[in-house]
Each structure stands twice: as C-alpha cells, then as structure tokens.
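Worksheet for the structure shown next.
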Amino acid sequence: MSITEKDTTRYLQMIAGLTTDEGMIEMETFAQRQIIPIIHKEASAVLKYFIETERPKRILELGTAMAYSSILMANSDSEIQVDTIERDPNMIKLARANIRAFDLAERIQLMEGEIDQILKELTGPYDFFFIDAGKSHYREYLDRCLEIANPGAMFFCDNILVRGLIAKEGIVRKQSTIIMNMRKFIEEVTLDKRFHSMVLPVGDGLMIIKCKE
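Under this note's numbering, residues 310 to 522 are what the sequence shown spells out, in order.
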C-alpha cells in the first residue's frame, strides 16, 4: 500500500502510466491479481527517470520477483546490462518467462540463489544498484555492493518506509526488528559523508543514494 494520500497516489499513477507500454501494464495487472509484490507505479516512474538521466551501463538488482523492475530498467536504454538475484523457484520461473517475452534474455542475467552468497562471488563493477529484498539487511547489502561499485555509483532502495511504520511510535513486536534496522540504516546513510542521499515519500518510500566521487 502506498504511504501517500489516495487521490494523490491515483493521480501520480495515472501520470506514470502515460508512458507505460502494454506489456508492462499486463505485468502490473498480473502482479495485482496474483498478489506479487512489484515496485509501486509512481516509484517506478522515479526509477525510470534516474536510469534515463544517469545512464548506467551495468545494474545489479537485489530481489527479482517477476522481473518487472528488471525489464523496466533494461528497456530504459538499449545498452544497459542488468544482473538480478532471486531465490524463490516460482518467481524465477515466472521471471524467466517474462524476460523471454520481452526478448531481453541477452541483457538481463538472472542469478538463482541467496543474495548474500551470490554477492560474495560478484566482482562488478556496477554503476547502479536497485535494492528491493530483505528489509532487515539493507545495511549489509549496501556495504557489500560498495565493494563492487564504480565511483559515483547510485543506489535506489525501495520500500524504505515500510508501509509508513517507520515513522510510528508504537511498533508491533514481530515487526520491531525490521523497523529498527531500517531506521538505523536510514540514519546512518543520511549522516555518512561518503554519500549524497534523500528519502522520498513515493510508493512505499524510496531512498536514493549517490556515492561521492
């Protein structure tokens, strides 16, 4: 659920949809019907904007799901190579089918397995990182990705506000670890002099991090 006011969200989604092709709209409809988490419509417009303006050549995505965002990023520029990691067998099967349907098998490499294990094996370098995986591990993911990042690399972290719970005083016990870890991540990155960063209340919250060169 988006954390912004409903009418505003609907308007932003409508604007974002003006430049969305039919294939992507079909994926969005499928994801909604099957309750598959993908990036929010208005957040995807922000992602697309930064891909098109930063023009990265190599992108690493943590958390493929059905490959909606992988395809969105790859379609933003014909020279982009996307490496993406997913562990769920059902999502892997669906993602591969979607990647083939968009004829992007040569530019999207889907790696199967646990993110922490695969990250240990990657050498990079990458220009852009899209993080949308285990919310308690964003700090670990960032630290490892920095080791394989080009100077000036950008990080796009989704679901950073955790359905708005990040700003609430009372936290349900089963959610407390995720919330505390995410708050710590946001605060540490904000204070880190190596980065330019900002948090946007778009979709479920985005944190955009730019490494200083």
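Ideal Cβ placement from N, Cα and C applies to all residues, glycine included.
Asked                                                                                                                         : Found
Enclosing alpha helix (DSSP H) for Gly-332 [first to last residue]                                                            : 331 to 343
The segment 505 to 517 in contact with the segment 351 to 360 per 3-pair CB rule at 8 Å                                       : yes
Touch test, the segment 463 to 475 against the segment 391 to 407, Cβ-Cβ under 8 Å, three pairs minimum                       : no
Simplified DSSP assignment, three categories, for Pro-460                                                                     : strand
Contact check, Ile-469 vs Gly-433, beta carbons under 7 Å                                                                     : no
Chain-order list of residues whose beta-carbon lies under 7 Å from that of Glu-388 (same chain, five-residue window excluded) : Lys-366
Three-state class that DSSP yields for Asp-467 in the structure shown                                                         : strand
Spatial distance of Phe-439 from Arg-416 (CA atoms)                                                                           : 16 Å
Start and end residues, beta strand (DSSP E) containing Met-375                                                               : Note, Met-375: premise wrong, no beta strand (DSSP E); not H, not E.
Residue from Ala-376, His-349, Ala-383 whose Cα sits closest to the Cα of Glu-361                                             : Ala-383
Cβ pair Ile-348, Ser-378 closer than 7 Å                                                                                      : yes
Sequence-distant residues of the same chain with beta carbon closer than 6 Å to Asn-490, five excluded per side               : Ser-445
Whole-Å CB distance - Glu-363 paired with Phe-411, under 8 Å assumed                                                          : Rounded, the Cβ-Cβ distance is 22 Å, inconsistent with contact.
Buried versus exposed, by CB contacts within 10 Å (16 or more), Leu-371                                                       : buried
For Met-516, the residue or residues it bridges with in DSSP                                                                  : Cys-466, Val-508
Classification of Ile-344 by the beta-carbon crowding that lies within 10 angstroms, buried from 16 upward                    : exposed
Straight-line Cα distance separating Glu-430 from Cys-454                                                                     : 11 Å
Extent of the continuous beta strand (DSSP E) run through Asp-436                                                             : 435 to 440
Residues near Phe-464 by beta carbon distance below 6 Å, same chain, minus five either side                                   : Phe-438, Ile-518
Strand pairing of Arg-525, partner residues [DSSP]                                                                            : Because the chain here runs from 310 to 522, residue 525 falls outside it and cannot be looked at.
Same chain only: Cβ atoms within 7 Å of Tyr-435, ignoring 5 sequence neighbours per side                                      : Arg-367, Ile-368, Leu-369, Ile-457, Ala-458, Asn-459, Ala-462
Helix, strand or coil at Glu-497 [DSSP, three-state]                                                                          : helix
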